[in-house]
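Trainee:
In this note's numbering, the protein residues as written are 60 to 784.
#1: Quick one, are the C-beta atoms of residue 636 and residue 505 less than 7 Å apart?
#2: Starting from residue 498 and walking both ways along the alpha helix (DSSP H), at which residues does that stretch end?
#3: Considering Cα atoms alone, identify which of 147, 154, 150, 73 is closest to residue 48.
#4: Taking the Cβ atom as the reference point for each residue, do residue 63 and residue 197 lie within a distance shorter than 7 Å?
#5: Under the rule that 16 or more other beta-carbon atoms within 10 Å means buried, what is residue 396, buried or exposed?
#6: Since residue 726 and residue 704 are thought to touch, with beta carbons under 8 Å apart, how far apart are those beta carbons, to the nearest angstrom?
#7: Quick one: residues in its chain with C-beta nearer than 7 Å to the C-beta of residue 78, no 5 flanking neighbours on either side, listed in chain order?
#8: What does residue 598 pair with, by DSSP beta-bridge criteria?
#9: Which partner residues does residue 144 have in the DSSP bridge list?
#10: For the alpha helix (DSSP H) holding residue 664, just list the boundary residues, first then last.
#11: Can the beta-carbon of residue 263 be found less than 7 Å from the beta-carbon of residue 638?
#12: Could you check which residue in 675, 752, 571, 369 has the C-alpha nearest to that of residue 286?
#13: Leaving out the 5 sequence neighbours to the left and right, which residues in its chain are closer than 8 Å to residue 593 when beta-carbon positions are compared?
#14: Figure out for me which residue from 333, 188, 659 has the closest Cα to the Cα of residue 710.
#15: Considering Cα atoms alone, identify which of 458, 600, 677, 114 is closest to residue 273.
#16: Give the straight-line distance between the Cα atoms of residue 115 and residue 143, rounded to the nearest whole angstrom.
#17: Candidates 455, 588, 411, 740: which alpha carbon is nearest residue 689's?
#18: Would you kindly report the start and end of the unbroken beta strand (DSSP E) that includes residue 675?
#19: Near residue 584, what residues of its chain come up, given a Cβ to Cβ distance below 6 Å and the 5 sequence neighbours on each side ignored?
#20: Identify which residue in 719, 241, 769, 758 has its Cα closest to the Cα of residue 168.
#21: Could you tell me which whole beta strand (DSSP E) segments of length 3 or greater appear in the region 340-372?
#22: Might you give, ordered along the chain, the residues of its own chain that have their beta carbon closer than 8 Å to the beta carbon of residue 360, omitting 5 neighbours on each side?
#23: When burial is assigned at 16 or more other CB atoms within 10 Å of the CB, is residue 363 buried or exposed?
#24: Identify the continuous beta strand (DSSP E) that holds residue 190 and give its terminal residues.
#25: Tell me the DSSP secondary structure of residue 216 in three-state form.
#26: Under the rule that 16 or more other beta-carbon atoms within 10 Å means buried, what is residue 652, buried or exposed?
#27: I want to know whether the region 129-145 touches the region 174-193 - three or more CB-CB distances under 8 Å.
#28: Distance check for residue 266 and residue 716, CA to CA, integer angstroms please.
#29: Using DSSP's beta-bridge definition, name the partner residues of residue 704.
#30: Kindly give me the distance between the Cβ atoms of residue 663 and residue 647, rounded to whole angstroms, as I take these residues to be in contact under 8 Å.
#31: Could you tell me the boundaries of the alpha helix (DSSP H) in which residue 272 lies?
#32: Within a Cβ cutoff of 6 Å, which residues of the same chain sit near residue 765, ignoring the five residues on either side of it in sequence?
#33: Pull up the distance between the alpha-carbon of residue 626 and that of residue 246, whole angstroms please.
#34: Given a cut-off of 7 Å on the beta-carbon distance, is the pair residue 140 and residue 628 in contact?
#35: Here's the rule: buried if 16 or more other CB atoms are within 10 angstroms of the residue's CB, otherwise exposed. What is residue 465?
#36: Give every residue of the same chain whose Cβ lies closer than 6 Å to the Cβ of residue 75, excluding the five residues on either side of it in the sequence, and list them in chain order.
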């Protein structure tokens with residue numbers, strides 16, 4: 060009865076909060092309609108202001124829609140007798156009296172950090188569970204019994220908010236943890252923004268959730284700095300991004316750009332496959348030198364002087380003049396395609412000097428310009444200028460580099476003949492994931508093709524360029540981006556659309572903060588891509604080196620972080636696995652130890668007896684098809700409404716796709732990274748490409764793990780006492 064009374068009391072509060080949310084949303088809808096009604100008329104300034112207001116109202120509506128579920132999830136009772144409700148966003152009444160405190164606000168920190176040992180002024184922490192707009196349960200953590208006021212009527216009941224959330228069925232989309240953030244997670248979320256924060260943690264420790272909550276926290280507390288530049292979220296795959304796509308909006312933020320490394324370069328499709336040996340070569344930082352050499356090779360000298368006759372006068376295209384013009388263009392520190400204008404101007408000027416010297420009369424500036432134009436338009440002069448300084452796209456540069464062995468040998472003399480042979484690829488071949496950072500590196504050095512960028516005709520001011528130079532110097536990113544291009548990025552921001560929309564279509568966009576998930580998979584060349592996009596080097600980096608599967612990935616954080624960030628990075632570890640049961644953790648950890656993977660220490664938050672089953676297949680069923688189908692039927696019955704996956708070696712996907720019913724969730728070993736399911740069947744463990752792939756597969760379930768293989772138990776695995784076969 061007491062609990063029913065508490066639920067009824069909280070329902071009254073929740074009703075008021077939703078009423079206010081509806082009012083805020085309705086007001087935004089009305090104002091947006093008014094702005095749209097005015098239409099695209101008036102001065103450019105007026106149109107710009109209307110666009111800004113429209114974006115503001117659209118964001119507010121999207122925010123209200125996103126926080127509809129579990130708007131309020133907690134209450135803090137303080138020793139002073141005051142209480143404070145905590146939720147996904149902040150709400151105030153029409154008199155600006157606070158009704159709901161945003162979970163990111165400093166005042167709400169105690170909801171996550173207060174403990175019985177150190178309660179501060181918190182007497183009681185209440186968890187409020189809702190379904191739609193209805194309160195279904197309340198649960199209290201009494202942190203200071205002596206200060207507890209009997210009038211609160213608080214009582215302890217149930218498993219606790221955290222364990223209750225762990226028991227829920229998975230839906231195929233990631234759930235946020237805002238109502239159940241634990242102390243070690245909260246410390247990471249609220250860490251200072253400056254520098255790079257690396258969060259290492261084993262499977263199920265909440266790395267991804269913590270990273271997303273940290274992004275929302277930073278966007279809330281540093282809105283002035285981040286609302287114009289935005290936050291970039293890098294995930295390992297489109298499937299992973301779809302899995303987490305609603306989390307930030309549900310936390311009150313809609314301005315982040317979520318993409319993969321490949322998605323950072325608009326217009327690029329990476330559909331090709333290559334061996335780990337080739338990916339390792341392409342991912343090494345030495346490839347930056349190779350790309351730079353390939354770009355420099357595009358500024359060539361002719362073999363000898365060439366004599367021409369233009370309008371009856373003899374002119375010589377001198378090799379020495381070409382060399383001087385090339386040196387002058389390179390001194391400008393502009394990208395290759397932009398520096399070409401300087402090169403052409405210098406060569407044409409030398410040729411015009413020869414032409415004018417043969418005239419008997421003096422000429423004015425207009426005549427001089429006409430002469431230079433005629434020389435520049437001469438077919439042979441144009442041909443020579445193009446041969447000596449050809450405009451180039453990044454894709455064409457990479458195709459030439461890998462298709463022409465002599466060019467690769469010239470640009471990469473430090474590579475062995477065997478290594479260069481591995482890189483050889485015919486022109487027109489499909490791009491791979493490892494090509495994308497090379498294309499981005501080339502794009503940075505080449506710049507836009509002439510006339511292809513709206514800023515190409517205008518340039519940037521000296522003040523903008525000088526400011527960009529100071530940023531590059533202060534942040535230590537020399538060599539990764541030049542001042543001219545950085546200044547252009549800052550000056551060329553298009554005011555149309557949201558920050559996320561503008562940033563996602565602009566390869567040169569620079570962000571205020573970057574969040575990288577599954578960061579252990581990134582190559583050194585991929586890291587160069589990311590640092591270019593955040594000159595301030597403000598990063599949140601989460602991953603697990605034991606799960607690294609990419610050939611050029613990270614197996615030890617200092618090896619990757621020290622060259623990028625120097626002393627401006629810190630390492631935090633998450634040690635408690637909230638996702639996987641203790642029995643599953645025992646299997647996975649014992650395998651990691653046997654396979655000598657650098658696995659983090661991991662303590663499981665809960666135990667589920669009989670959560671592991673290891674089955675040896677019958678002689679006539681080498682792939683485990685029958686055992687897998689039988690297990691899937693059993694799990695479907697046990698986890699009705701939940702998610703079940705069969706994880707197999709990546710190169711066995713096609714085989715299993717034909718073997719299993721269409722309703723079975725079939726996942727390749729590397730595609731499973733970052734995902735979670737209620738139950739997981741891991742088949743053909745002896746064929747997994749790497750120990751890290753198998754470790755990932757073993758750690759995807761939240762309730763039950765079934766291992767099926769002709770070899771039985773993977774080598775080194777310890778069987779928990781709750782094992783069933």
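Cβ atoms here follow ideal geometry from the backbone N, Cα and C, with glycine treated the same way. From a predicted model like this one, the values you see are computed outputs, not experimental measurements.
Mentor: According to the data block:
#1: No, the Cβ-Cβ distance between residue 636 and residue 505 is not below 7 Å.
#2: For residue 498, the enclosing alpha helix (DSSP H) has its first and last residue at 494-505.
#3: With the chain covering only 60 through 784, there is no way to say anything about residue 48.
#4: Using a Cβ distance threshold of 7 Å, residue 63 and residue 197 do not count as a contacting pair.
#5: Buried is the call here.
#6: Contact check for residue 726 and residue 704: beta-carbon distance about 5 Å, within the 8 Å limit, so the pair qualifies.
#7: Sequence-distant partners of residue 78 (beyond 5 residues in either direction) whose C-beta falls short of 7 Å from its own C-beta are missing from its chain.
#8: According to DSSP, which records beta bridges pairwise, residue 598 is partnered with 255, 573.
#9: 134, per the DSSP bridge assignment.
#10: In the DSSP assignment, residue 664 falls outside any alpha helix (DSSP H) and carries neither an H nor an E.
#11: Their beta carbons are under 7 Å apart, which means residue 263 touches residue 638 by this criterion.
#12: Nearest of 675, 752, 571, 369 to residue 286, Cα basis: 571.
#13: Counting only Cβ-Cβ distances below 8 Å, and skipping sequence neighbours, we find 291, 569, 570, 571, 572, 573.
#14: Minimum Cα distance to residue 710 is reached at 333.
#15: The option with the nearest alpha carbon to residue 273 is 600.
#16: The C-alpha of residue 143 is placed about 28 Å away from the C-alpha of residue 115.
#17: For residue 689, the closest C-alpha among the options 455, 588, 411, 740 is that of 740.
#18: Segment 671-675, the beta strand (DSSP E) holding residue 675.
#19: If the five residues before and after residue 584 are omitted, its C-beta is found closer than 6 Å to the C-beta atoms of 342, 346, 496, all from its own chain and listed in chain order.
#20: The option with the nearest alpha carbon to residue 168 is 241.
#21: For secondary structure counted as the beta strand (DSSP E) over 3 or more consecutive residues, the region 340-372 holds these complete runs in sequence order: 365-369.
#22: Within the same chain, residue 360 has close Cβ partners 378, 381, 382, 385, 447.
#23: Exposed, by the Cβ-count rule.
#24: Per DSSP, residue 190 belongs to the beta strand (DSSP E) from 181-190.
#25: At residue 216, the pLDDT of 32 sits below 50, so the modelled position is not reliable and the matter cannot be decided from this model.
#26: With fewer than 16 other Cβ atoms within 10 Å, it is exposed.
#27: Cβ pair count under 8 Å is three or more, so yes.
#28: Cα to Cα, residue 716 sits roughly 31 Å from residue 266.
#29: Note: residue 704 sits in a beta bridge opposite 724, 739.
#30: Here residue 663 is actually not in contact with residue 647; their C-beta atoms are around 10 Å apart, not less than 8 Å.
#31: Boundaries of the alpha helix (DSSP H) harbouring residue 272: 266-280, taken from the DSSP string.
#32: Within its own chain, the residues whose Cβ lies closer than 6 Å to the Cβ of residue 765, once the five positions on either side in sequence are excluded, are 672, 690, 740, listed in chain order.
#33: So the two alpha carbons sit approximately 20 Å from each other.
#34: Going by beta carbons, residue 140 and residue 628 fall outside the 7 Å limit.
#35: Counting C-beta atoms within 10 angstroms of its own C-beta, residue 465 has fewer than 16 neighbours from the protein chains shown and is therefore classed as exposed.
#36: Once the five neighbours on either side are set aside, residue 75 has no close Cβ partner at all.
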